Amino acid sequence: MAISANPPQAQRITGAQLIVQLLELHGITRVSGIPGGTVLPLYNALSQSTKIQHILARHEQGAGFIAQGMARTEGKAAVCIACSGPGATNLVTAIADARLDSIPLVCITGQVATSMIGADAFQEVDTYGISIPITKHNYLVRNICELPQVIYDAFRIAPVWPPGAGMG
Numbered sequence: 273m274a275i276s277a278n279p280p281q282a283q284r285i286t287g288a289q290l291i292v293q294l295l296e297l298h299g300i301t302r303v304s305g306i307p308g309g310t311v312l313p314l315y316n317a318l319s320q321s322t323k324i325q326h327i328l329a330r331h332e333q334g335a336g337f338i339a340q341g342m343a344r345t346e347g348k349a350a351v352c353i354a355c356s357g358p359g360a361t362n363l364v365t366a367i368a369d370a371r372l373d374s375i376p377l378v379c380i381t382g383q384v385a386t387s388m389i390g391a392d393a394f395q396e397v398d399t400y401g402i403s404i405p406i407t408k409h410n411y412l413v414r415n416i417c418e419l420p421q422v423i424y425d426a427f428r429i430a431p432v433w434p435p436g437a438g439m440g
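Its first residue numbered 273, the sequence shown is counted upward by one per residue in the numbering used here.
Structure, rendered in structure tokens:
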């Protein structure tokens, strides 16, 4: 099933809905994470999915380690989710550990509105810059049209030797 980022007007979907559809296409059946303001649209979309189960962690670092466990047991990239700012920075230890242990992760984090990036907005942190040394690749998605390629690339890159984390 092909998904277009530019469907006809009557079929328009949100970026969050598109992410969920793309995760389903990649065979993801479980994700771990913690809801927060910047990822609430994604959580709303996840709640509509009949194919993906959410595992609620008590801390974002725990969500990263839960995803590591899923990746180890399933033998494929696993997904964790965190909100912007402190939520994303709380994932850093789990992401670095995944990179060091060659565990394929796809980490999805929220971010402030594109128009607010660089304006010292509430919970704005340079997660892109922070994650450069600990990920195989990372992305800052600024447009819904980028999502299909970014998600495809993340799942293509994460398991390639040596496996490791990607963040977006």
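Don't be surprised by glycine CBs; every beta carbon is placed ideally from N, CA and C. Computed from a predicted structure; not experimentally measured.
Comparing alpha carbon positions, the residue from Ile416, Asn362, Ile338 and Tyr315 closest to Gly287 is Ile416. Contact annotation: the segment 373 to 383 touches the segment 352 to 364, with at least three C-beta pairs closer than 8 Å.
The segment 338 to 353 makes contact with the segment 372 to 380: 3 or more CB pairs, one atom from each, lie closer than 8 Å.
Cβ contact annotation for Gly309 (same chain, cutoff 8 Å, sequence separation greater than five): Cys355, Ser356, Gly382 and Gln395, in chain order. Between the alpha carbons of Arg284 and Thr399 lies a gap of roughly 29 Å. The shortest C-alpha to C-alpha distance from Glu346 to any of Gly299, Val311, Leu312 and Leu318 is the one to Gly299. Leu295 counts as buried, since no fewer than 16 other beta carbons sit within 10 angstroms of its beta carbon. Each of Arg428, Val422 and Gln325 was checked against the Cα of Pro376, and the nearest Cα belongs to Arg428. Counting only runs of 3+ residues, the beta strand (DSSP E) found wholly inside the segment 309 to 386 occupies 325 to 328, 350 to 354 and 377 to 381, in chain order. Going by beta carbons, Ile306 and Ala335 fall inside the 8 Å limit. In this structure, DSSP gives Gly299 a state outside helix and strand, which the three-state scheme calls coil. With a cutoff of 8 Å on beta-carbon distance, Ile338 and Ile327 are scored as near each other. When beta bridges are read from the DSSP output, Ser304 appears opposite Ile327 and Cys352.
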